[in-house]
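Enquirer: Quick mapping for you: the protein sequence lines, in order, are chains A and B. Numbering-wise (UniProt numbering), the first sequence opens with residue 1 and increments by one. Numbering-wise (UniProt numbering), the second sequence opens with residue 1 and increments by one. Glycine included, C-beta positions come from ideal geometry on N, C-alpha and C. Computed from a predicted structure; not experimentally measured. Below: one structure in structure tokens.
2 protein chains.
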Amino acid sequence: MAVPAAAKVARGLAVSAAVLVLLWCVHFRGGLSLGSPTNKGLIFNVHPVLMLIGFIILGSEAIMSYKILPWSHDTNKMVHMLLHSVALFLGFVGIYAAFKFHNESGIDNLYSLHSWVGLGTICLYGIQWLLGITTFFFPGASPTVRRRMLPWHVRSGLVVYVLALLAAELGFLEKLTFLQASGLGRYSSEALVVNFTALLVILLGASVVLYVTAPTMHNEHTHGYSAVHKP
Amino acid sequence: MAVPAAAKVARGLAVSAAVLVLLWCVHFRGGLSLGSPTNKGLIFNVHPVLMLIGFIILGSEAIMSYKILPWSHDTNKMVHMLLHSVALFLGFVGIYAAFKFHNESGIDNLYSLHSWVGLGTICLYGIQWLLGITTFFFPGASPTVRRRMLPWHVRSGLVVYVLALLAAELGFLEKLTFLQASGLGRYSSEALVVNFTALLVILLGASVVLYVTAPTMHNEHTHGYSAVHKP
């Protein structure tokens, strides 16, 4: 099945943002290492990479999976759940990296808007995941309850996704402001790379939300969000 | 006509956020003055107050006006346009205050993600306003074109609104990070006031978007976004 143009745009943006965040953390910030004993900055670098590539980009793929994947409803549903599970797990590891960096560097935890929004988002993501599993997988609700829950699952899922995008934007701004307060040039290449990554993430989020909320056109392969698996 | 509960929630959040931003800028930051010759901080303070109360809160009222106001379609439409006009004007003055503060304090312009997203947002808001005026007021498009444009007007309007919310969140984080870099306590009362204002703005935005996108229920007074004035 041909991937729709809007989804191709979303994937192109996702790949570009992933390349830029790696360029930032590897080329400009010296690489990633969750266990670095001396250079604590390398522990921090795990955070933006995992939150963007693991949490947001895999989450975006999970959100689009029903509309984008060519397989049966059941297979797409399984991929949707597995992608969200991996995204949630990598999100947890990414947040662990931020706390580890803070603790080992003697920096306060949970004082910033980024941390509040970010932690709130992953909690809501976890609740959304748990409700999704129990309603649609195991033990699974009755077909009537599933049909009633589905629009709310989609709606609240998109709210959590937009919150994740907001948390990411706040994170880019916060880290860059710290770096600029420590002497990084305001118009330096690194600053431009970070800001352009953040802009790509906004465009990625907009394309994903517009793609999945757009009314389905003639596409026989699309099962869409209105289809509920009937056991 | 009784104001619907969801809109009451939105208005309650708007009033609370307005009170908090005034508490911040007047009580903690010393007040507002666009022409202050000595205390440049007072020029800056005009920016968050006008952007939140003028731009975002008036914009929220404008967005909700079709669903919330008890009058005829034509009157509601006029209020919708006038509120957006005032919001856009106050937004311009608010942005002027930020530039004036930067220029008179020798601070670089337009290097931060907040400034990029904010300036992009007000440009899109202006384009949206201009397209709205020319399509639905003067000279006004044909009924067929109006009917085709309306869902896009609503859709792109909400995208611009979410971008405005994002810009506001980035602004709160940026200013607070600057203040904390200059010695403000990370868990101080002022920091909490700013972060709670930012959280209220997220909740305000969510309630407005959910309210206007919710399917209309039995309410004979609501004209809704699907109604197009036929000349």
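1. Can the beta-carbon of B/M64 be found less than 8 Å from the beta-carbon of B/V212?
2. Taking A/R148 as part of the alpha helix (DSSP H), name the residues at either end of that continuous run.
3. Using the C-alpha atoms, what's the distance from B/A6 back to B/G41?
4. Taking C-beta to C-beta, are B/F55 and B/G12 nearer than 8 Å?
5. Assuming A/V117 and A/L166 are in contact, meaning their beta carbons sit under 8 Å apart, how far apart are those beta carbons, in whole angstroms?
6. Chain A partners of B/E174, CB-CB under 9 Å?
7. Closest to A/P48 by CA distance: which of A/S72, A/F101, A/L130, A/A62 is it?
8. Since B/A97 contacts B/I43 with CB under 8 Å, what's their CB separation in whole angstroms?
9. From A/K77 to A/R147, what distance separates their C-alpha atoms?
10. CB-CB under 8 Å to residue 236 of chain B, same chain, minus the five flanking residues each way: which ones, in chain order?
11. DSSP three-state call for B/T121: helix, strand or coil?
12. Taking only beta-carbon positions, decide if B/A206 is within less than 8 Å of chain A.
13. Are A/A17 and A/V201 closer than 8 Å when you measure CB to CB?
14. Ordered along the chain, which non-local residues of its own chain (more than five positions away) have a Cβ less than 6 Å from that of A/M149?
15. For my contact list, A/L58 and A/V46 are in at a C-beta cut-off of 8 Å; report their separation, rounded to the angstrom.
16. Within a Cβ cutoff of 6 Å, which residues of the same chain sit near residue 249 of chain B, ignoring the five residues on either side of it in sequence?
17. Give me, in chain order, the residues of the same chain whose beta-carbon lies closer than 6 Å to that of B/T121; leave out the 5 immediate sequence neighbours on both sides.
18. Listed in chain order, which residues of the stretch 110–139 of chain B have Cβ atoms closer than 8 Å to some Cβ of chain A?
19. Going along chain A, which residues have a C-beta under 8 Å from B/A191?
20. Could you list the residues in the stretch 154–168 of chain B with a C-beta less than 9 Å from some C-beta on chain A, going in chain order?
21. Once you ignore the five residues that flank B/H114 on each side, which residues in its own chain have a CB closer than 6 Å to its CB?
22. Starting from B/F89, trace the alpha helix (DSSP H) in both directions and tell me its first and last residue.
23. Assign A/P48 to one of three DSSP states: helix, strand, or coil.
24. For a cutoff of 8 Å on Cβ pairs, would you count A/L32 as touching chain B?
25. Apply the 10 Å Cβ neighbour rule to residue 237 of chain A and answer buried if 16 or more other Cβ atoms are within range, or exposed otherwise.
26. With DSSP collapsed to three states, give me the class of A/N109.
27. Please return the same chain residues whose Cβ sits closer than 8 Å to the Cβ of B/K8, not counting the five positions on each side in sequence.
28. What did DSSP end up calling B/G132 once you bin it into helix, strand or coil?
29. Which residue wins for smallest C-alpha separation from A/V86, given the options A/E61, A/L110, A/Y66, A/D74?
30. Take B/H27 and list the residues in its own chain whose beta-carbon comes closer than 8 Å to its own, dropping the five residues that flank it on each side.
31. Less than 8 Å separating the beta-carbons of A/W71 and A/V194?
32. Please return the same chain residues whose Cβ sits closer than 7 Å to the Cβ of A/S105, not counting the five positions on each side in sequence.
33. Suppose you measure from the CA of B/V178 to the CA of B/G94; what does that come to, to the nearest Å?
34. Anyone know if the C-beta pair for B/Y66 and B/H80 falls short of 8 Å?
35. Classify B/H223 as helix, strand or coil using the three-state DSSP reduction.
36. Terminal residues of the continuous alpha helix (DSSP H) containing B/R11?
Expert: So, from the listed chains and residues:
1. Contact: yes.
2. Per DSSP, the unbroken alpha helix (DSSP H) holding A/R148 starts and ends at 143–181.
3. Roughly 37 Å separates the two Cα atoms.
4. Contact: no.
5. Right, their Cβ atoms sit about 6 Å apart.
6. Under the 9 Å cutoff, chain A gives L173, E174, T177.
7. Shortest Cα-Cα distance from A/P48 to any of A/S72, A/F101, A/L130, A/A62 involves A/F101.
8. Confirmed, about 6 Å.
9. So the two alpha carbons sit approximately 15 Å from each other.
10. The structure shown does not extend to residue 236 of chain B, since chain B is modelled only from 1 through 231, so no value can be given for it.
11. The answer is helix: DSSP assigns B/T121 an H, G or I state.
12. True, the Cβ-Cβ gap to chain A drops below 8 Å.
13. It is a contact, given that the beta carbons lie within the stated cut-off.
14. Excluding sequence neighbours, A/M149 sits near T135.
15. Here A/L58 is actually not in contact with A/V46; their C-beta atoms are around 16 Å apart, not less than 8 Å.
16. There is no way to answer for residue 249 of chain B, as the model of chain B reaches only from 1 to 231.
17. Excluding five sequence positions before and after B/T121, the CB atoms of its chain that fall closer than 6 Å to its own CB belong to L163, A164, A167, given in chain order.
18. Answer in chain order: Y111, S112, L113, H114, W116, V117.
19. Correct list: Y111.
20. Residues of the stretch 154–168 of chain B with a C-beta less than 9 Å from any C-beta of chain A: R155, V159, V162, L163, L165, L166, listed in chain order.
21. Cβ neighbours of B/H114 beyond the five flanking positions: L170, G171, E174.
22. Counting along the chain, the alpha helix (DSSP H) containing B/F89 begins and ends at 73–105.
23. In this structure, A/P48 counts as helix in the three-state DSSP scheme.
24. Using a CB distance cut-off of 8 Å, A/L32 does not count as an interface residue toward chain B.
25. No statement about residue 237 of chain A is possible, as the shown extent of chain A runs from 1 to 231 and does not include it.
26. Correct three-state label for A/N109: coil.
27. So no residue of the chain qualifies.
28. Here B/G132 sits in helix by DSSP.
29. Ranking the options by Cα distance to A/V86, first place goes to A/E61.
30. Excluding sequence neighbours, B/H27 sits near nothing in its chain.
31. Cβ atoms of A/W71 and A/V194: not closer than 8 Å.
32. Excluding five sequence positions before and after A/S105, the CB atoms of its chain that fall closer than 7 Å to its own CB belong to K40, given in chain order.
33. A small fix is needed here, since residue 178 of chain B is Phe in this sequence, not Val. B/G94 has its alpha-carbon roughly 19 Å from the corresponding atom of B/F178.
34. In this structure, B/H80 lies closer than 8 Å to B/Y66 by Cβ.
35. Residue confidence is low: B/H223 scores 41 on pLDDT, short of 50, so the model does not pin down where it sits. Its coordinate-derived value is still stated next. Here B/H223 carries a coil assignment [DSSP, helix/strand/coil].
36. Start and end: 5–22.
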